[in-house]
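Student: Count the sequence shown with the UniProt record's numbering and you get residues 1 to 621, in order.
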Amino acid sequence: MKFTSWENGHTKKATRARTLFNFIFYFLGRVSRDRLKLNCNMNSDMLVLGKRKETEDILNSYEYKNEFHYDIDTKLMTYNEQATILKFSPDGVPNQLGTWTINGGLEMKYDALTVVSGRRFFRVGTAKSIPWTFMEDEWKGYCIDLIEKLSIEMNFKYELVIKDQFGELDPVTNKWNGLIGGLVDGELDIVIAALTMTSEREEVIDFIAPYFEQTGISIVIRKPSRKTSLFKFMTVLKPEVWLSIVAALALTAFMIWILDKYSPYSAQNNKPKYEQFRHFTLVESFWFALTSFTPQGGGETPKAISGRVLVAAYWVFVVLMLATFTANLAAFLTVERMQTPVQSLQQLARQSRINYSVIDGSDAHQFFRNMKMAEDILYNVWKEIALNQTNNRKDFRVWDYPIKEEYGQILAAIERTGTVPNRTVGYQMVLDNEQGEFALIHDSSDIEYEVYNNCNLTEVGEIFAERPYSIAVQQGSLIQEEISRKILDLQKDRFFELLNAKYWNASKTSTCPNSDDSEGITLESLGGVFIATLVGLLIALITLAFEVVYFKHKRAKIAEVSVVNNTIHKDKLLYGHELFMTLGRNSNSDDQTRWANKIKLDSTTGRLNNALFFRRNKFQN
């Protein structure tokens, strides 16, 4: 095959390829790398190299042209209808192996020889997105592994082109940017990225069979941090309620004591009628009121009707308070174990506590804008029908618009919150809200990857707006069918399952603390109950120590008083005997008898009679 180019009026000939298809791939790659456009002389249309139409033009032109000429300036080309296949020896001598013509096709001189195409070259574009494409020491990720696998299976070399955006249509210039713009402008040959298939994109590029399972949009929030407290049971009721309960207990105990003391029909005021009864002192009344809160009850009740009426009313109060406390404690412990306050997009839209947003320009952002536009169109159509249908106007008479416009409300809430610039900022905003008061609406596969690698994140709700990820090429590209076949082969070989296991490794979540909703109540929630019991035991031991000390002190004091009394008693007996002997010598028998009885009485009672001392002194004098 001859290749002729005109440069400054001079013609140069060079052999550039050994087969027609090698030449085509070589030439297309060369011109595409130089970002040139081709104007074929058989028509006046500007053709972008690499597309199906221009390649067909090149092949069809062989029927009419004899030589291939390429003018660098005018980009005009003609063709030679015959190609000669040559093999050069080490010393540069050509050896003809075969020929190719339009009508005869390929004819080889040696049957054992086969023609192997040269290795092709493509510019492959992708976008930075974890885990699809990310930089460590080099570019890594799901898409990078897939690109490398396809380059081996399809035998091509590639240049990796990294873009920051997947591609949006500028409404002002009506041009695409990002990866889509690269395909439209001929800068890229293949795009392998987390690229979803949309109708807008399919108007300007071609999508190949999906390589990733159905993905869509999902919601991620931070797991609300559990506010555990050892005295959680005390927070079930407000402090004023606890104080009211204590006041009711004290007042009831005081009234029981008053009624039992002053009622003429109480047990202590009718002792002959009741041989054994409970004496409701003030302390005993408090004990009765306190034990009434237990299932065992307060014990023996007052005998008077007035006291029993008071106790009955108090018991009704106790039953209601216990039931209220039990129900609220169960509710508090249940709410504490709840992981997410919302479970769907509809719940997220109906509440106002949690703010939510999307990444600016993302597929999720475009989805809500499209849905809002669809709702507006439906509303305008309904309004037009309702106002202009004269005959059937009554069929459209409703109090309000019958279709709920939830996507418009969601988009308005997103605009109030403000979109986030990128995924890094979005996930950081989610993590910064420890109580789960911010949600990010984003790509479900990306959210799933972050949840696997961060124990503080959780995905809520079901995936919506499901779409597959697909490889994109230029419109009319010849490699479209070849890539489709390779994708199917890789699916049969379970290659994509291996990639999923590599980048979405669910085993990483095993390192996270167990947060199963079915787990039991933790000790942190009810530890205060055990602490209260231990405090009660400690107070009981301290009280026991005081009781023992007090008892020993009282017993020692009683023993001391007893010793003193015995000493006095003995002294009095001796003194009485001495006095009696004195009286016997100095008084008559009547005086002796009288004083003897007096001495006996004083010694028995243990009291020292001053008069006795006076008489003693009198006799002695």
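Glycine included, each C-beta is placed from N, C-alpha and C at the ideal position.
In this text, all values refer to a predicted model and were calculated from it rather than measured experimentally.
1) Counting along the chain, where does the alpha helix (DSSP H) carrying G98 start and finish?
2) Can you say whether Y314 is buried or exposed, counting buried as having 16 or more other CB atoms within 10 angstroms of its CB?
3) Since L440 is in the alpha helix (DSSP H), which residue starts that stretch and which ends it?
4) So, do the region 353-372 and the region 411-426 have three or more beta carbon pairs nearer to each other than 8 Å?
5) Where DSSP assigns a beta bridge to residue 665, which residues make up the other side?
6) Roughly how many angstroms separate the alpha carbons of I487 and C143, rounded to a whole number?
7) Tell me the rounded alpha-carbon separation between P94 and L146.
8) Checking the sheet assignment: what are the DSSP bridge partners for V529?
9) In whole angstroms, what separates the C-alpha of K502 from that of E240?
10) Quick check: what's the CA-CA separation for I410 versus K232?
11) Spatial neighbours of I219 within its chain, please: C-beta separation below 6 Å, excluding the five flanking residues on both sides.
12) If we ignore side chains and look at the alpha-carbon of each, how far apart do A248 and V561 end up?
13) With DSSP as the reference, please indicate the residues paired to P210 in a beta bridge.
14) P171 to M373, Cα distance in whole Å?
15) Could you check the C-alpha separation between G297 and V236 for me, to the nearest Å?
16) Do you know offhand how far V124's Cα is from K163's?
17) List the endpoints of the continuous beta strand (DSSP E) containing V161.
18) Mind checking who residue 634 pairs with in its DSSP beta bridge?
19) Rounded to whole angstroms, what is the Cα-Cα separation between residue 625 and N433?
20) Taking C-beta to C-beta, are S470 and G216 nearer than 9 Å?
21) Sorted by chain position, which residues of the same chain lie with C-beta nearer than 7 Å to I531's C-beta, five sequence neighbours on each side aside?
22) What's the gap between the Cα of Y225 and the Cα of N355?
23) DSSP beta-bridge partners for T173?
24) Using CA atoms only, rank isn't needed, just tell me which of Q268, E275, T291 and P272 is closest to T281.
25) Out of L490, Y379, A253 and K238, which one is the CA nearest neighbour of A209?
26) Taking just the CA atoms, how far does L333 sit from L526?
27) The beta strand (DSSP E) that contains V358, what's its start and end?
28) In this structure, how does DSSP classify E375 when only helix, strand and coil are distinguished?
29) Which parts of the region 296-349 are runs of the alpha helix (DSSP H), unbroken and 4 residues or longer, counting only runs that do not cross its ends?
30) Please go through the same chain and pick out, in chain order, the residues whose beta-carbon is closer than 8 Å to the beta-carbon of W132, but skip the five residues on each side of it.
31) For T458, list the residues DSSP reports as bridge partners.
32) Between the alpha carbons of R369 and D493, how many angstroms are there, rounded?
33) Mind checking whether the beta-carbon of L160 lies closer than 8 Å to any heavy atom of the ligand PLP?
34) Please classify W176: is it buried, with 16 or more other beta-carbons within 10 angstroms of its beta-carbon, or exposed?
35) For N328, I'd like the list of residues in its chain whose CB is within less than 6 Å of its CB, leaving aside the five on either flank, ordered along the chain.
36) Less than 8 Å between C-beta atoms, sequence neighbours within five positions excluded: which residues of the same chain meet that for G299?
Tutor: Looking at the coordinates:
1) No alpha helix (DSSP H) contains G98, which is instead part of the beta strand (DSSP E) from P94 to T101.
2) So Y314 ends up on the buried side.
3) If you look at L440, you'll find it isn't in any alpha helix (DSSP H); it sits in the beta strand (DSSP E) that goes F438 to D443.
4) Three or more Cβ pairs drawn from the region 353-372 and the region 411-426 lie within less than 8 Å of each other, which places the two stretches in contact.
5) The structure shown does not extend to residue 665, since the chain is modelled only from 1 through 621, so no value can be given for it.
6) Straight-line Cα distance between these residues: approximately 13 Å.
7) A direct Cα-Cα distance of roughly 41 Å separates P94 from L146.
8) Paired residues: none, contrary to the question.
9) Straight-line measurement puts the Cα of E240 at about 57 Å from the Cα of K502.
10) The straight-line gap from Cα to Cα measures roughly 37 Å.
11) Counting only Cβ-Cβ distances below 6 Å, and skipping sequence neighbours, we find A439, I441, V460 and G461.
12) Each residue's Cα considered, the two are about 46 Å apart.
13) DSSP lists S470 as partners of P210.
14) Approximately 16 Å between the Cα atoms of the pair.
15) Using only the alpha carbons, I get a separation of about 23 Å.
16) Taking C-alpha positions only, V124 is separated from K163 by approximately 11 Å.
17) The continuous beta strand (DSSP E) containing V161 extends over residues F156 to K163.
18) As displayed, the chain neither begins before 1 nor continues past 621, which places residue 634 out of reach and without an answer.
19) Limits of the chain in this structure are 1 at one end and 621 at the other, which puts residue 625 out of reach.
20) For S470 and G216, no; Cβs fall outside 9 Å.
21) The beta carbon of I531 sits closer than 7 Å to those of L230, all from its chain and outside the five residues before and after it, given in chain order.
22) First, the amino acid is wrong: residue 225 is Ser here, not Tyr. Looking at the backbone, the Cα of S225 and that of N355 are separated by about 17 Å.
23) DSSP, once it has assigned bridges, lists no residue as partnering T173.
24) For T281, the nearest C-alpha among the options comes from Q268.
25) For the residues L490, Y379, A253 and K238, the minimum Cα distance to A209 belongs to L490.
26) In this structure, the straight-line span from the alpha carbon of L526 to that of L333 is close to 10 Å.
27) Per DSSP, the continuous beta strand (DSSP E) segment holding V358 begins and ends at N355 to V358.
28) It is helical.
29) You should have 305-337.
30) Only T126, G141, Y142, C143, A193 and A194 meet the Cβ criterion.
31) DSSP lists I221 as partners of T458.
32) Using only the alpha carbons, I get a separation of about 39 Å.
33) Questions concerning the ligand PLP fall outside what the structure shown contains, since it holds no ligand whatsoever.
34) The C-beta of W176 has 16 or more other C-beta atoms within 10 Å across all chains shown, which makes the residue buried.
35) So the list reads V236, once near-sequence residues are dropped.
36) These residues qualify, in order along the chain: R278, F288 and T291.
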